[in-house]
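Participant: Attaching a single structure in structure tokens format; questions to follow.
Number of protein chains: 2
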Amino acid sequence: MSEKRQLRLGAFLMTPGHHVAAWRYPDTEASQVLSFSFYKKLAQTAERGKFDMLFLADGYAVSEKFPEAISQTVTVRPEPITLLSALSAVTEHVGLAATVSTTYNEPFHVARKFASLDHLSGGRAAWNVVTSANPAEALNFNKDNHLLHSLRYERAEEFLNVVTGLWDSWEDDAFQYDKENAVFADRSKLHTLNHKGEWFTVRGPLNVARPVQGHPVVIQAGSSEPGKELAARTAEIIFTAWQTLEEAQYFYRDVKGRLAKYGRSHDDLKIMPGVFPIIGRTEEEAREKKAKLEELIPQEAGISLLSSLISFDLSPYPVDGPLPDLPELEQVNGGKSRFTLLKDLAEREGLTIRKLYQRIAGARGHREIVGTPLQIADQLEEWFVNGAADGFNIMPPYLPGGLEDFVDHVVPELQRRGLFRTEYSGTTLRDNLGLKRPAHSATSTVSALSQASV
Amino acid sequence: MSEKRQLRLGAFLMTPGHHVAAWRYPDTEASQVLSFSFYKKLAQTAERGKFDMLFLADGYAVSEKFPEAISQTVTVRPEPITLLSALSAVTEHVGLAATVSTTYNEPFHVARKFASLDHLSGGRAAWNVVTSANPAEALNFNKDNHLLHSLRYERAEEFLNVVTGLWDSWEDDAFQYDKENAVFADRSKLHTLNHKGEWFTVRGPLNVARPVQGHPVVIQAGSSEPGKELAARTAEIIFTAWQTLEEAQYFYRDVKGRLAKYGRSHDDLKIMPGVFPIIGRTEEEAREKKAKLEELIPQEAGISLLSSLISFDLSPYPVDGPLPDLPELEQVNGGKSRFTLLKDLAEREGLTIRKLYQRIAGARGHREIVGTPLQIADQLEEWFVNGAADGFNIMPPYLPGGLEDFVDHVVPELQRRGLFRTEYSGTTLRDNLGLKRPAHSATSTVSALSQASV
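Taken in sequence, the protein lines are chains Y and R.
Per the numbering used here, residue 1 is the first one in the first sequence, and the count goes up by one each step.
Per the numbering used here, residue 1001 is the first one in the second sequence, and the count goes up by one each step.
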């Protein structure tokens, strides 16, 4: 008898909350966005709720396109690997997922940092691979222009190959620690990558042992065509944004259907849409919270957020008018799937710029669920049992309250229904997610030939 | 009445010990080099000993020039910022100094990581700025050749300017958290760097608030001519290697003498030579420990270490013969000052290759002190009171034992003599070191003109 299929939960900690007005919300600890004690409390709350992982987004620029928005929004947060490393010391079970861009980093450093975090945390590291959607980032890295979308994905694919290759520099049992015979490492188990590609030349080997999990868990968020293909080949979790059950089901079938051609099975990739829950003791209380948050959105901050999500500057247009004519998808060099989603939403519902930014100022294109803990559990269950999701990345509107409410009221309901764990079953993130530990490339027949050994 | 001048102590944690044979030494926890619990114990021991800071070296390659040495030496360790972030969560006072190279990194990332660590640790971060001396690192970063020594220093200087500029992106009081009036940040206190230089084009601003310490403490280790000049202009600690009191005094006077032309005072820069202490209850026991360590050095590992320290391959030469003719200093593209130091040492004492590697296999060119806790305290005091050092970076031969002995036996002796603190006096690393907190560039008259404000 197999156990009932379990859903997976991520705690997406955008501080001090996902809603663009979160920092103005009563009780939100807005001044604590750089304080370790704040994050420690959040991490321990998520672990109390048996979440699979903490999830941190990242970006490499303060956008100055909308000067007023700078004063009205939270532009400063800790770098995710630094923060998650600190949190690894005060948690025991919860996974630690950091966003790191392949567009503005070097694979050697990225491989090394995640390998280090995986060792120090006892096998809890995950890498959310992004290609960066904000053109302002280029200007902080000696570049005049943001790399084109298609080139970013080419680079990302090669980047990932180099990183996983470097993680396999040493076989799992390479280290002997044999004091008597002076053998610290068995060098026949050291593999030098010697990668020479289009984007990178990286000799290796890595100066960190193979990670506890073999490879830290690989997460991707892109839902564009190249994003889906890269995910089907390499990702173990997809974090994605869908508004309706039908869209989510379509995406789920589409991506899962691409796995077989890469020799992967249905369970090797978990699809976890984002969910932005506004929780009330009654549905009315939840709706009041939502209205309160919308009321607190500073206008420039709303326009700025919407403009960045659709990669198009809306500031010249009347805020109570419709969206202007937007460029064709081919011209968009930001997040392509988010562009389409928001454009379709505005058209479908005939939203003005203001109505649209109010609509997305919390969930940012992800699914918003407003209601009681029971209603929220119902909606999560609906997607989970109907082939739309393997789990969810939970995006609390404000912190710490929004996470605490989820842990104290929604999680117990999911547990009652037998949909979610009551205790952590494994020791690594991979164990808890039900993902296989990858065999070392030199010991698996598939890719042994591509490895040059010393 | 001013307090007696206090010496500063760093705990240089090269795991599982500085001696190249440390991992073979009895009781050394060689298998723990990637375990958090091991580092936690070391960090808490250093904090119990009131050390100013933990200090971690770093490198970006496994050298494969000496194949046997790979199996005989410790080639894998955690990345320092990842590790120190984790340690920040289990310590309260001790500073956290990470080595990061300016040759293979981007200033935006480096500024951000140290700013993050400084916030998360409550003002305990320090950056040991190095330019990398190992040519093998280039091959892991898309380069065929290591950058020339002089160019590395040019790049380092500009890199440091960019990083300190980014740390000043926000004034100290830029963040208001004013929920009522929707002012998270006062944008008149945001400064965009707009750096365009020879090596870097970085717009800024940084997406982290100004660090708790203003700027994390800047450490340098270079003792070459360009190294000294860069340090005199920008460093707050110099970590340096000298064998004799006279050399150390000369260096101390030389560097301190260069401060005035940069508008800096004598106390703005602390000079901390490395010290490798082998501690015994008797002098005889200490000498036996040293002999035991020398006996445990695998020959290839010894030759490999020496070759890398002098940037010259000694493997073709008879190990019991003299050093071969070495290149002129101008041709050396590794660590120039270390090259000179070792060459002079071999000549002065007529050492064979084997004798020289035995001699440096622990201290690696730093000062070795073998004796009782009293003898070690005497020798530290001698340099400290005679204008050769403001403190010391302590390099335990093996871990955890070598650090525990220092904390339990040498520190109390230094405290008895009134040379070292019995309690931490400040809350930040800067406070404890007696270093001024740098004023923001926009509020100090000196450099306000070089800042473009938004």
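For glycine and all other residues, C-beta sits at the position ideal for the given N, C-alpha and C.
Residue 208 of chain Y CB to nearest chain R CB: under 7 Å?
Facilitator: Taking the first residue of the first sequence as 1, we reach residue 208 of chain Y at position 208. At least one chain R Cβ lies under 7 Å of residue 208 of chain Y.
Participant: Between R:1430, R:1149 and R:1144, which has its C-alpha nearest residue 1329 of chain R's C-alpha?
Facilitator: Along the second sequence, one-based indexing puts residue 1329 of chain R at 329. Minimum Cα distance to residue 1329 of chain R is reached at R:1149.
Participant: Let's see if you can read the secondary structure: which residues bound the beta strand (DSSP E) around residue 188 of chain Y?
Facilitator: Your numbering for residue 188 of chain Y matches position 188 in the first sequence. Residue 188 of chain Y -> no beta strand (DSSP E), and no H or E assigned at all.
Participant: Is DSSP giving residue 402 of chain Y helix, strand or coil here?
Facilitator: Stepping through the first sequence from its first residue, residue 402 of chain Y is reached at position 402. Note: residue 402 of chain Y maps to helix in three-state DSSP.
Participant: Please go through the segment 1036 to 1097 of chain R and give each complete beta strand (DSSP E) segment of 3 or more residues, from N-terminal end onward.
Facilitator: Qualifying beta strand (DSSP E) stretches, in chain order: 1053 to 1056.
Participant: Pull up the distance between the alpha-carbon of residue 132 of chain Y and that of residue 61 of chain Y, whole angstroms please.
Facilitator: Start at 1 with the first residue of the first sequence, and residue 132 of chain Y comes out as number 132. Start at 1 with the first residue of the first sequence, and residue 61 of chain Y comes out as number 61. Each residue's Cα considered, the two are about 11 Å apart.
Participant: Distance check for residue 322 of chain Y and residue 343 of chain Y, CA to CA, integer angstroms please.
Facilitator: Position 343 of the first sequence, counted from the first residue, corresponds to residue 343 of chain Y. Position 322 of the first sequence, counted from the first residue, corresponds to residue 322 of chain Y. Rounded to the nearest angstrom, the two C-alpha atoms are 11 Å apart.
Participant: Taking only three categories from DSSP, how would you classify residue 1331 of chain R?
Facilitator: Against the second sequence, residue 1331 of chain R aligns to sequence position 331. Of the three classes helix, strand and coil, the one that applies to residue 1331 of chain R here is helix, per DSSP.
Participant: For residue 1400 of chain R, return the contacting residues in chain Y, with the cut-off set at a CB-CB distance below 8 Å.
Facilitator: Here residue 1400 of chain R is taken as the residue at index 400 of the second sequence, counted from 1. Residues of chain Y passing the Cβ test: none, with the nearest at roughly 16 Å.
Participant: Within 7 Å of any Cβ in chain Y, is that where the Cβ of residue 1453 of chain R sits?
Facilitator: For this step, residue 1453 of chain R is matched to residue 453 along the second sequence. Note that residue 1453 of chain R scores 36 on pLDDT, short of 50, meaning its location in the model is unreliable and no value can be drawn from it.
Participant: Using the Cα positions of residue 210 of chain Y and residue 1033 of chain R, report the straight-line distance between them to the nearest angstrom.
Facilitator: Position 210 of the first sequence, counted from the first residue, corresponds to residue 210 of chain Y. Position 33 of the second sequence, counted from the first residue, corresponds to residue 1033 of chain R. Taking the straight line joining both Cα atoms gives about 13 Å.
Participant: Taking the alpha-carbon positions, what's the residue 1200 of chain R to residue 1158 of chain R distance?
Facilitator: By one-based count along the second sequence, residue 1200 of chain R stands at place 200. By one-based count along the second sequence, residue 1158 of chain R stands at place 158. Going from the Cα of residue 1200 of chain R to the Cα of residue 1158 of chain R covers about 8 Å.
Participant: In whole angstroms, what separates the C-alpha of residue 17 of chain Y from that of residue 77 of chain Y?
Facilitator: Here residue 17 of chain Y refers to the residue found at position 17 when the first sequence is read from its first residue. Here residue 77 of chain Y refers to the residue found at position 77 when the first sequence is read from its first residue. Cα to Cα, residue 17 of chain Y sits roughly 12 Å from residue 77 of chain Y.
Participant: Taking residue 1112 of chain R as the query, report the chain Y residues whose CB atoms sit under 7 Å from its CB, ordered along the chain.
Facilitator: In the second sequence, the residue the question calls residue 1112 of chain R occupies position 112. Ordered by position in chain Y, the residues that pass the 7 Å Cβ test against residue 1112 of chain R are 79.
Participant: Could you say which of Y:192, Y:338 and Y:326 lies nearest to residue 241 of chain Y if we only look at CA atoms?
Facilitator: Taking the first residue of the first sequence as position 1, residue 241 of chain Y is located at position 241. Considering only alpha carbons, the answer is Y:338.
Participant: Could you tell me the alpha carbon to alpha carbon distance between residue 301 of chain Y and residue 57 of chain Y, rounded to whole angstroms?
Facilitator: Taking the first sequence and counting its residues from 1, one reaches residue 301 of chain Y at position 301. Taking the first sequence and counting its residues from 1, one reaches residue 57 of chain Y at position 57. Their backbone Cα atoms lie some 19 Å apart in a straight line.
Participant: I need the straight-line Cα distance from residue 1167 of chain R to residue 1081 of chain R, nearest angstrom please.
Facilitator: The residue you call residue 1167 of chain R lines up with position 167 of the second sequence. The residue you call residue 1081 of chain R lines up with position 81 of the second sequence. Near 17 Å, if we compare the C-alpha coordinates of residue 1081 of chain R and residue 1167 of chain R.
Participant: Shortest alpha-carbon distance to residue 289 of chain Y belongs to which of Y:371, Y:64 and Y:400?
Facilitator: Residue mapping note: residue 289 of chain Y aligns to position 289 of the first sequence, counting from 1. Nearest option by C-alpha distance: Y:371.
Participant: When you check each C-beta in the segment 51 to 62 of chain Y against every C-beta of chain R, which residues fall closer than 8 Å?
Facilitator: Result list: 59, 60, 61 and 62.
Participant: Can you grab the Cα-Cα spacing for the pair residue 1259 of chain R / residue 397 of chain Y, in whole Å?
Facilitator: Counting from 1 along the second sequence, the entry for residue 1259 of chain R is found at position 259. Counting from 1 along the first sequence, the entry for residue 397 of chain Y is found at position 397. One C-alpha to the other measures close to 52 Å.
Participant: Using a 10 Å radius around the Cβ and a threshold of 16 neighbouring Cβ atoms, would you call residue 1348 of chain R buried or exposed?
Facilitator: Numbered from its first residue, the second sequence carries residue 1348 of chain R at position 348. The residue is exposed, with fewer than 16 neighbouring Cβ atoms inside 10 Å.
Participant: Using Cβ-Cβ distances below 7 Å, what residues of the segment 1130 to 1150 of chain R are close to chain Y?
Facilitator: Per Cβ criterion, the list reads 1139, 1140, 1141 and 1142.
Participant: Which runs of the beta strand (DSSP E) spanning at least 3 residues fall entirely within the segment 1107 to 1146 of chain R, listed in chain order?
Facilitator: Listed in chain order, they are 1125 to 1130.
Participant: Can you check DSSP and say which residues form a bridge with residue 1195 of chain R?
Facilitator: Numbered from 1 along the second sequence, position 195 holds the residue referred to as residue 1195 of chain R. Bridge partners of residue 1195 of chain R: R:1202.
Participant: Ends of the alpha helix (DSSP H) at residue 161 of chain Y?
Facilitator: As a first step, residue 161 of chain Y is located in the first sequence; it is residue number 161 there, counting from the start. Its alpha helix (DSSP H) spans residues 149 to 167.
Participant: Taking only runs that begin and end inside the segment 294 to 369 of chain Y, name each unbroken alpha helix (DSSP H) of 4 or more residues, in chain order.
Facilitator: Those alpha helix (DSSP H) runs which fall completely within the segment 294 to 369 of chain Y and span 4+ residues are 299 to 310, 336 to 349 and 353 to 360.
Participant: List the residues of chain R whose Cβ lies closer than 8 Å to the Cβ of residue 455 of chain Y, in chain order.
Facilitator: Nothing about residue 455 of chain Y can be read from this structure; chain Y reaches only from 1 to 454.
Participant: Tell me the DSSP secondary structure of residue 1101 of chain R in three-state form.
Facilitator: In the second sequence, the residue the question calls residue 1101 of chain R occupies position 101. Here residue 1101 of chain R sits in strand by DSSP.
Participant: Chain Y partners of residue 1177 of chain R, CB-CB under 8 Å?
Facilitator: By one-based count along the second sequence, residue 1177 of chain R stands at place 177. Under the 8 Å cutoff, chain Y gives 23, 30 and 31.
Participant: Counting only Cβ pairs nearer than 9 Å, list the residues of chain Y close to residue 1204 of chain R.
Facilitator: Locating residue 1204 of chain R in the second sequence gives position 204, counting from the first residue. In chain order: 61, 62, 139 and 140.
Participant: What is the C-beta distance between residue 140 of chain Y and residue 308 of chain Y, in whole angstroms, given that I count them as a contact (C-beta under 8 Å)?
Facilitator: Position 140 of the first sequence, counted from the start, is the residue given in the question as residue 140 of chain Y. Position 308 of the first sequence, counted from the start, is the residue given in the question as residue 308 of chain Y. Actually they do not touch by this definition, with Cβ atoms about 16 Å apart.
Participant: Give the residues of chain R in contact with residue 291 of chain Y, contact being defined as C-beta atoms less than 7 Å apart.
Facilitator: Counted from its first residue, the first sequence places residue 291 of chain Y at position 291. Near residue 291 of chain Y there are no residues of chain R at all, since even the closest Cβ is about 17 Å away, more than 7 Å.
Participant: Hey, quick one: how far does the alpha helix (DSSP H) through residue 1432 of chain R stretch, first residue to last?
Facilitator: Taking the first residue of the second sequence as 1, we reach residue 1432 of chain R at position 432. Counting along the chain, the alpha helix (DSSP H) containing residue 1432 of chain R begins and ends at 1429 to 1433.
Participant: With three or more C-beta pairs closer than 8 Å as the rule, is the segment 6 to 25 of chain Y touching the segment 1090 to 1106 of chain R?
Facilitator: Short answer: they don't touch.
Participant: Can the beta-carbon of residue 126 of chain Y be found closer than 7 Å to that of residue 414 of chain Y?
Facilitator: Mapped onto the first sequence, residue 126 of chain Y falls at position 126. Mapped onto the first sequence, residue 414 of chain Y falls at position 414. No, Cβ-Cβ distance for residue 126 of chain Y and residue 414 of chain Y is not below 7 Å.
Participant: Suppose the cutoff is 7 Å on Cβ atoms and the five residues either side in sequence are ignored; what does the same chain contact list for residue 1083 of chain R look like?
Facilitator: Locating residue 1083 of chain R in the second sequence gives position 83, counting from the first residue. Taken in chain order, the residues that qualify are 1039 and 1056.
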